[in-house]
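S.K.: The structure is given below, and queries will be raised subsequently.
Protein chains: 2
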Amino acid sequence: MRLPQLTEARVPLTESIDAVDEFGQRRSIHIPAERDLTVYVDKRELVTLMTLGARPEWLTLGYLLNQRLIASVDEIESITVDWDVNAVSVKTREGIDRIEERTAKRVVTTGCGQGSVFGGLMDDLDRITLPQGVLRQSQVYAIVDAIRVKESTYKSAGSVHACALFRGTELALFVEDVGRHNAVDTIAGWLALQTDDVPRATGDTLDKVFYTTGRLTSEMVIKSAQMGVAAVISRSGITQMGLQVARRVGLCAVGRATNKHFLCYANPQRLVLDAVPPERVA
Amino acid sequence: MRLPQLTEARVPLTESIDAVDEFGQRRSIHIPAERDLTVYVDKRELVTLMTLGARPEWLTLGYLLNQRLIASVDEIESITVDWDVNAVSVKTREGIDRIEERTAKRVVTTGCGQGSVFGGLMDDLDRITLPQGVLRQSQVYAIVDAIRVKESTYKSAGSVHACALFRGTELALFVEDVGRHNAVDTIAGWLALQTDDVPRATGDTLDKVFYTTGRLTSEMVIKSAQMGVAAVISRSGITQMGLQVARRVGLCAVGRATNKHFLCYANPQRLVLDAVPPERVA
């Protein structure tokens, strides 16, 4: 694997502003930063993303992968972010085949709105073979607990979505963004760069588990599957198409995960109940 | 004003599915429906929206308005939804000028991810003149209370966003969708069809107030302003660009509105504190 050259552009993630509360008192609060980042591929303008800006290089890489404009990180020579001009310049090794054509068809997906995946959202689904293995209830609880104690922009400023990738029960990467598709794309970009892919789970326990604060929409489930992740956990619920996709690819989808509660929406045969709570709580 | 002919296509908004809980018990739950709706304008495919499907005709109209592909409802002759083929056919009276060119530039905005507004998101901002008037604290409380008691898909199935338009303190329209941009577009479409635009607020109180469960992103603020709405209330917070836009257009932006609490982020001089709570609550 040839790794691309990446900048490490950093910007503040929150901004302090004044707001007025219900008593008419002026209060200083933090809000998440939000900035536009225009992606250029081989000097051709592709898209403008609105992002918190935590990890713009990984975001860009993950975006290209998840839009299936590139098949592998090998195709990228460099990713250069310049916040002075809010631009990221991607240099490919050999160009992207038929880029005009492939970015022409628009499928506007749910997300929390009119998201975007360039054409053929479901096209590659049946080519995906997810890893074998089970999700353990104890693993679900450990993951929910790890997220609970995580210090985050959300805690200081709110209004962001968080995603995380777990290896076994170990938090590998935690990403927040104003858009949750950015968060999952950032994780996908980071994951594609990992060269020492040593499993952190033992036996038949699934090694990679994806966590999101947001809903399990079709796009989230597809992006998880594209990363080779066979189990997703969400604080929120699932949408109808998210469920359809999870069933189709055999992904274990768990939602409403808070404290000791959760609901397994898809493929419950992949869930091992090794930590059933002692008594039923209303 | 010439009103377009609209179908009144109806579909179920929730689906009952089985899930497995943390005790291994199978439970029947409801999840929101989610379906694709491909928009054809004068037989030309424009976009595919993922929607709950509550009000597809208003959604389509509001989408065209908010993308500024049409300037007025007068331009539309008919909107015909056919759920058998998940398509909506829009017939314009005189075509849409330069539609290829105007739908070519993509600005992918926040939403909860990579949303979509065809080019020039901020372009028309400075042309908007919002109505004069104030938002009253008592009005904020009445609106939050009206939302609280509303029966909704969210209450039965979760995982949807709600928007509402209030006239004074009266709930005029409540819309839920899997994507919140769909919800606000639906409200915009409905509002454009109203011919008896009689104010329901008296004196200098703002007549139209927009409510959303979602964050006040730039796109939500812009869409409110495009509807001629000078005050928005959210259960959630605001993003940096949402704040910038609200300040720029003079829109009163209130967030974190639950019970008697709220924060006014932008233009607090438009907020009249006529119902200050008796004592400070932590």
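Taken in sequence, the protein lines are chains A and B. In terms of this note's numbering, the first sequence opens at residue 1 and continues consecutively. In terms of this note's numbering, the second sequence opens at residue 1001 and continues consecutively. Heads up, the beta-carbon is just placed ideally off N, CA and C, and yes, glycines get one too.
1. Kindly provide the ranges of any beta strand (DSSP E) runs that are 3 or more residues long and lie completely inside the segment 6–38 of chain A, ordered along the chain.
2. In three-state DSSP terms, what is LYS105 (chain A)?
3. Have a look at LEU1003 (chain B) and ARG1093 (chain B) and give me their C-alpha separation to the nearest angstrom.
4. Within the segment 1036–1111 of chain B, note down every full alpha helix (DSSP H) run reaching 4 residues or more, in order along the chain.
5. Taking 8 Å as the threshold (beta carbon to beta carbon), is PRO1268 (chain B) in contact with chain E?
6. Quick check on ASP145 (chain A): does DSSP put it in helix, strand or coil?
7. Closer than 7 Å, Cβ to Cβ, to anything on chain A: give me those residues from the segment 1032–1062 of chain B, in chain order.
8. Whose CA, out of A:VAL88, A:THR169, A:ALA19, lies closest to the CA of ARG27 (chain A)?
9. Would you please verify whether the beta carbon of CYS264 (chain A) is less than 8 Å from any beta carbon of chain B?
10. Starting from the beta carbon of ASP1207 (chain B), find every residue of chain A whose beta carbon is closer than 7 Å, and list them in chain order.
11. Taking the straight line between their C-alpha atoms, what separation do you get for THR213 (chain A) and VAL249 (chain A)?
12. Less than 8 Å between the C-beta atoms of SER234 (chain A) and GLY203 (chain A), yes or no?
13. Extract the residue ranges of the alpha helix (DSSP H) inside the segment 1152–1207 of chain B, only unbroken runs of 4 or more that lie entirely within it.
14. Quick one: residues in its chain with C-beta nearer than 6 Å to the C-beta of HIS30 (chain A), no 5 flanking neighbours on either side, listed in chain order?
15. From the DSSP output, which residues share a beta bridge with ARG1136 (chain B)?
16. Report the rounded CA-to-CA distance for THR109 (chain A) versus VAL1229 (chain B), giving the unit in angstroms.
17. Any beta carbon of chain B sitting closer than 8 Å to that of MET241 (chain A)?
18. Going by DSSP in three states, SER1234 (chain B) sits in which element: helix, strand or coil?
19. Would ASN182 (chain A) be called buried (16 or more neighbouring beta carbons within 10 Å of its own) or exposed?
20. From what residue to what residue does the alpha helix (DSSP H) around ARG301 (chain A) run?
21. Which residues in the same chain as ILE1128 (chain B) place their Cβ atom closer than 6 Å to its Cβ, once the five residues preceding and following it in sequence are excluded?
22. List the residues of chain A that PRO1277 (chain B) touches, going by C-beta distances under 9 Å, in chain order.
M.R.: Looking at the atomic coordinates:
1. For secondary structure counted as the beta strand (DSSP E) over 3 or more consecutive residues, the segment 6–38 of chain A holds these complete runs in sequence order: 14–21, 26–32.
2. As a first step, residue 105 (chain A) is located in the first sequence; it is residue number 105 there, counting from the start. Note that LYS105 (chain A) scores a pLDDT of 49, beneath 50, so its modelled location is shaky; the value from the coordinates is reported in the next line. Three-state result, LYS105 (chain A): coil.
3. Position 3 of the second sequence, counting from 1, holds the residue named residue 1003 (chain B). Position 93 of the second sequence, counting from 1, holds the residue named residue 1093 (chain B). Distance between the alpha carbons of LEU1003 (chain B) and ARG1093 (chain B): 11 Å.
4. The qualifying runs are 1056–1066, 1099–1102.
5. Protein chains A and B are contained in the structure displayed, whereas chain E is not.
6. The residue given as residue 145 (chain A) occupies position 145 in the first sequence. Helix.
7. The residues in question are PRO1032, ALA1033, GLU1034, VAL1047, THR1048, LEU1049, MET1050.
8. For the purposes of this step, residue 27 (chain A) is taken as the residue at position 27 of the first sequence. For the residues A:VAL88, A:THR169, A:ALA19, the minimum Cα distance to ARG27 (chain A) belongs to A:ALA19.
9. Position 264 of the first sequence, counted from the start, is the residue given in the question as residue 264 (chain A). Chain B has a Cβ within less than 8 Å of the Cβ of CYS264 (chain A).
10. Here residue 1207 (chain B) corresponds to residue number 207 of the second sequence, with the count starting at 1. Within 7 Å Cβ-Cβ: nothing; ASP1207 (chain B) doesn't reach chain A, min ~22 Å.
11. Taking the first sequence and counting its residues from 1, one reaches residue 213 (chain A) at position 213. Taking the first sequence and counting its residues from 1, one reaches residue 249 (chain A) at position 249. In a straight line, the C-alpha of THR213 (chain A) is about 22 Å away from that of VAL249 (chain A).
12. Within the first sequence, the letter at position 234 stands for residue 234 (chain A). Within the first sequence, the letter at position 203 stands for residue 203 (chain A). In this structure, GLY203 (chain A) does not lie closer than 8 Å to SER234 (chain A) by Cβ.
13. For the alpha helix (DSSP H) assignment, the uninterrupted runs of no fewer than 4 residues enclosed by the segment 1152–1207 of chain B are, from N- to C-terminal side, 1153–1157, 1180–1192.
14. On the first sequence, position 30 is the one that residue 30 (chain A) refers to. When the five nearest sequence neighbours on each side are left out, the beta carbons in the same chain lying within less than 6 Å of the beta carbon of HIS30 (chain A) are those of THR14, SER16, SER156, ALA157, in order along the chain.
15. In the second sequence, counting from the first residue as 1, residue 1136 (chain B) sits at position 136. According to DSSP, which records beta bridges pairwise, ARG1136 (chain B) is partnered with B:VAL1272.
16. By one-based count along the first sequence, residue 109 (chain A) stands at place 109. By one-based count along the second sequence, residue 1229 (chain B) stands at place 229. With a pLDDT of only 42 at THR109 (chain A), under 50, the local geometry of the prediction cannot be trusted, and the value read off the model is given with reservation. Using only the alpha carbons, I get a separation of about 27 Å.
17. In the first sequence, the residue the question calls residue 241 (chain A) occupies position 241. Interface residue, yes.
18. On the second sequence, residue 1234 (chain B) is found 234 positions in, with the first residue counted as 1. The answer is strand: DSSP assigns SER1234 (chain B) an E or B state.
19. What you label residue 182 (chain A) is simply residue 182 of the first sequence in a count that begins at 1. ASN182 (chain A) should be labelled buried.
20. No answer is possible for residue 301 (chain A): it lies beyond the span of chain A, which begins at 1 and ends at 282.
21. Taking the second sequence and counting its residues from 1, the one referred to as residue 1128 (chain B) is at position 128. The answer, listed in chain order, is ALA1225, VAL1249.
22. Within the second sequence, the letter at position 277 stands for residue 1277 (chain B). Under the 9 Å cutoff, chain A gives GLU22, PHE23.
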